[in-house]
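A quick write-up on the structure given underneath.
Number of protein chains: 2
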Amino acid sequence: MTVKSSLRDRRRLQTSREIQRAALTLALRHGHDSVTTEAIAAEAGISQRTFFNYYLNKDAAIIGNAPSFDDDTVARFRESSGPLLADLLQALRRLLSNSDLDRSTSQLIDRLLVRSPDLLPIFYGSLKRLRDQIADLAVMRLGEDARADAELLAEAISHALADTFRIWANDDGMSADSIVDIAAAKLQVLRGLLTPGVQPIPAASTVRPDTQAMTSTAAAPIRP
Amino acid sequence: MTVKSSLRDRRRLQTSREIQRAALTLALRHGHDSVTTEAIAAEAGISQRTFFNYYLNKDAAIIGNAPSFDDDTVARFRESSGPLLADLLQALRRLLSNSDLDRSTSQLIDRLLVRSPDLLPIFYGSLKRLRDQIADLAVMRLGEDARADAELLAEAISHALADTFRIWANDDGMSADSIVDIAAAKLQVLRGLLTPGVQPIPAASTVRPDTQAMTSTAAAPIRP
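Protein sequences appear in the order of chains P and X. The numbering of the first sequence is my numbering, which starts it at 9 and goes up by one. The numbering of the second sequence is my numbering, which starts it at 9 and goes up by one.
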C-alpha cells in the first residue's frame with residue numbers, strides 16, 4: 009500500500025524531514041533549550057501554522073516521525089505460516105525499505121546525543137513505539153496471553169535494530185539493506201548468551217569487524 | 009560487604025524508604041506536578057535539609073534508590089568460571105536478597121504509573137542503571153569489544169526482571185526469592201522465540217499460571 013506512495017505522500021514525507029533537519033540543526037547550533045517552534049519554522053522556510061500540521065511540538069520535530077508497518081505488511085505477516093522470528097524480520101525489512109532512510113539525519117541525531125545525552129529519553133519514546141508495534145505483530149501469532157513474552161522479544165529486536173542503526177549512520181560503506189541482517193546476527197549472539205550452562209564466546213565475527221568498535225557506545229535510540 | 013550492614017546503614021535505608029513512600033503517597037494523592045520537596049519532607053516528618061541528604065529532587069525520591077551490586081558480589085562474579093548467564097543470575101539473586109525488597113512501595117509505584125503513565129520515563133532511568141550494571145558485569149567476562157552484545161543481554165535480563173517485579177508486587181503469595189528464577193524462565197522463553205526457523209509455541213507454562221495474566225500489561229520499570 010505504501011510501497012507506491014503518491015506524489016502528495018512523498019512531498020509530505022519530504023517536508024516532515026526538512027522540518028526535522030531544521031530542528032536538529034538548530035538544537036546542535038544553539039542547544040535544545042533555546043530552540044523554539046518559531047525558529048524551526050523559520051529555518052525550514054515554512055509558517056508556524058504549517059509546522060503544527062506536521063509536529064505537535066519541538067521535541068516531536070527533533071525525533072521525527074517513526075515509521076510504522078503498512079497494512080500490506082501486517083496482512084502478509086498475519087497470513088504467513090513461516091517461523092515467527094523470520095517473519096518479524098521480513099516485516100522489518102519491508103518497513104525499512106518503505107521508509108527511505110536518510111543517513112544524514114541519523115548522523116545529526118547522533119551528534120546531538122553525543123553533545124546532549126540528557127536528550128536520550130525523548131528518543132526512547134520513538135524506540136518504544138517501534139517496540140510496541142513489533143510486540144503487536146508477535147501477539148498476532150503468539151496470542152494475547154503471551155503478550156509479556158512478545159514484549160520481551162520485541163525489546164530485544166528493537167534494541168538490536170537501534171544498535172545497528174547507529175552503526176549504519178556512521179558507516180557510509182554500509183548499505184541500508186543490510187541493517188536487518190546485521191540486527192538478526194546480533195539476536196543470534198544474544199540467543200547464544202542466553203543458553204544455560206554454556207560458557208559463551210562472544211560471536212563478534214557475526215557483526216562486520218570494521219563497525220564492531222562503534223557498537224561499544226551506549227545503546228542508541230532508533231531513528232527513522 | 010553489604011550483606012551484614014551496620015545499624016547506621018540500615019537506618020539510612022529505612023529513612024530513604026520512608027521519604028520515597030511519602031513522595032509516592034503525595035503524588036498519588038495530589039498528582040505528581042503538585043508535589044514539592046517541602047511537602048515530601050513534611051509528610052515524612054523530616055526537614056527539607058535532611059531530604060536533600062537523601063535525594064537530589066522529588067523525582068529521585070519517587071524512584072527511590074536503585075540497588076547496586078556490592079563489592080563482594082562483583083568479586084565473586086569476576087572470579088567464577090561458571091556459565092555467564094548462571095553467574096549473572098546468581099549476582100542478581102544476591103543483589104535482591106541484600107536489598108530487602110518492599111512490596112508495598114512497589115505497589116504504590118504501580119498504582120502511580122497506572123494513574124500517570126507519563127511518569128514512566130522517570131522510572132526508565134532507574135531500569136537503565138540496573139541494565140548498565142548488568143552490562144558492566146557481562147563485559148568483565150566477554151571483554152570490552154563485546155560491549156554491544158553485553159548490553160543487548162543486559163537489556164533482555166533487566167526487562168525480564170522488571171516484568172517479574174511487577175508480578176511479584178501484585179501477588180502476595182509470591183516470594184521475593186522466586187523473582188530471579190521466574191525472570192530466568194522468561195529468558196528461556198525468549199531464547200526459544202529467537203530460534204531461527206522454528207515455529208515457537210509460547211511456553212506460558214514456565215511462568216506461574218496464576219500470575220500470567222498480570223504480565224500482559226505494558227513493561228514495568230524496575231523498582232527497588
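From the three backbone atoms N, C-alpha and C, an ideal C-beta is built for every residue, glycine too.
Query, Result
"Spatial neighbours of Ala-143 of chain P in its chain, beta-carbon cut-off 6 Å, leaving aside the 5 residues before and after", "Ala-158, Glu-159, Ala-162"
"Listed by chain order, chain P residues near Ala-199 of chain X by CB distance under 8 Å", "Note that residue 199 of chain X is Arg in the sequence shown, not Ala. The contacting residues are Arg-199, Leu-202, Thr-203."
"Beta-carbon proximity list for Ile-130 of chain P, same chain, < 8 Å, skipping 5 on both sides", "Asp-67, Ile-70, Ile-71"
"Inter-residue Cα distance where the pair is Ser-186 of chain P and Asp-95 of chain X", "34 Å"
"Residue span of the alpha helix (DSSP H) that contains His-167 of chain P, given as start and end", "155-177"
"Other residues of its chain near Leu-15 of chain P: CB distance less than 8 Å, five sequence neighbours each side excluded", "none"
"Leu-32 of chain X vs Leu-92 of chain X beta-carbon contact at 9 Å", "no"
"Whole-Å CB distance - Ala-168 of chain P paired with Ala-191 of chain P, under 8 Å assumed", "4 Å"
"Alpha-carbon to alpha-carbon, Thr-45 of chain X and Glu-87 of chain X", "43 Å"
"Whole-angstrom distance between Ser-76 of chain P and Asn-65 of chain P, CA atom to CA atom", "20 Å"
"Within the segment 81-162 of chain P, ranges of the beta strand (DSSP E) (whole runs, at least 3 residues)", "none"
"Status (buried if at least 16 other CB within 10 Å, exposed otherwise) for Gln-28 of chain P", "buried"
"Gly-72 of chain X (DSSP reduced to helix, strand or coil)", "coil"
"Rounded separation between Val-147 of chain P and Tyr-132 of chain X - CA only", "24 Å"
"Neighbour-count burial assignment, Leu-81 of chain P, 16 or more Cβ in a 10 Å radius", "One point to set straight first is that residue 81 of chain P is Thr, not Leu, in the sequence displayed. With 16 or more Cβ atoms within 10 Å of its Cβ, Thr-81 of chain P is classed as buried."
"Distance between Leu-100 of chain X and Asp-78 of chain X (C-alpha atoms, nearest Å)", "11 Å"
"Unbroken alpha helix (DSSP H) run spanning Gly-200 of chain P, endpoints", "187-201"
"Ile-27 of chain X, DSSP secondary structure in three states", "helix"
"Residue nearest to Ala-184 of chain P in terms of C-alpha spacing, selected from P:Ile-54, P:Asn-61, P:Ser-107, P:Phe-85", "P:Ser-107"
"Neighbour-count burial assignment, His-38 of chain X, 16 or more Cβ in a 10 Å radius", "exposed"
"Members of the segment 126-147 of chain P near chain X, C-beta cut-off 7 Å", "Pro-129, Tyr-132"
"Phe-77 of chain X - containing alpha helix (DSSP H), residue span", "Element bounds for Phe-77 of chain X: n/a, residue is neither H nor E."
"Residue closest to Leu-138 of chain P, alpha-carbon to alpha-carbon, out of P:Ala-35, P:Asn-73, P:Ala-83", "P:Asn-73"
"Neighbour-count burial assignment, Arg-102 of chain X, 16 or more Cβ in a 10 Å radius", "buried"
"Distance CB(Leu-109 of chain X)-CB(Val-188 of chain X) smaller than 9 Å", "no"
"Residues of the segment 154-168 of chain P whose Cβ lies closer than 7 Å to any Cβ of chain X, in chain order", "Ala-154, Arg-155, Ala-156, Asp-157, Glu-159, Leu-160, Leu-161, Glu-163, Ala-164, His-167, Ala-168"
"Simplified DSSP state of Asp-180 of chain X, which is helix, strand or coil", "coil"
"Closer than 9 Å at the beta carbon, the chain X residues around Leu-120 of chain P", "Under the 9 Å cutoff, chain X gives no residues; its nearest Cβ is about 18 Å from Leu-120 of chain P."
"Chain-ordered chain P contacts of Asp-171 of chain X [CB-CB under 9 Å]", "Ala-156, Glu-159, Leu-160"
"Exposed unless 16 or more other CB atoms sit within 10 angstroms - verdict on Phe-60 of chain P", "exposed"
"Contacts around Ala-52 of chain X, its chain only, beta-carbon distance under 7 Å, and the 5 residues preceding and following it disregarded", "Glu-26, Ile-27, Ala-30"
"Own chain partners of Ser-55 of chain X with C-beta closer than 7 Å, once the 5 adjacent residues on each side are dropped", "Ala-49"
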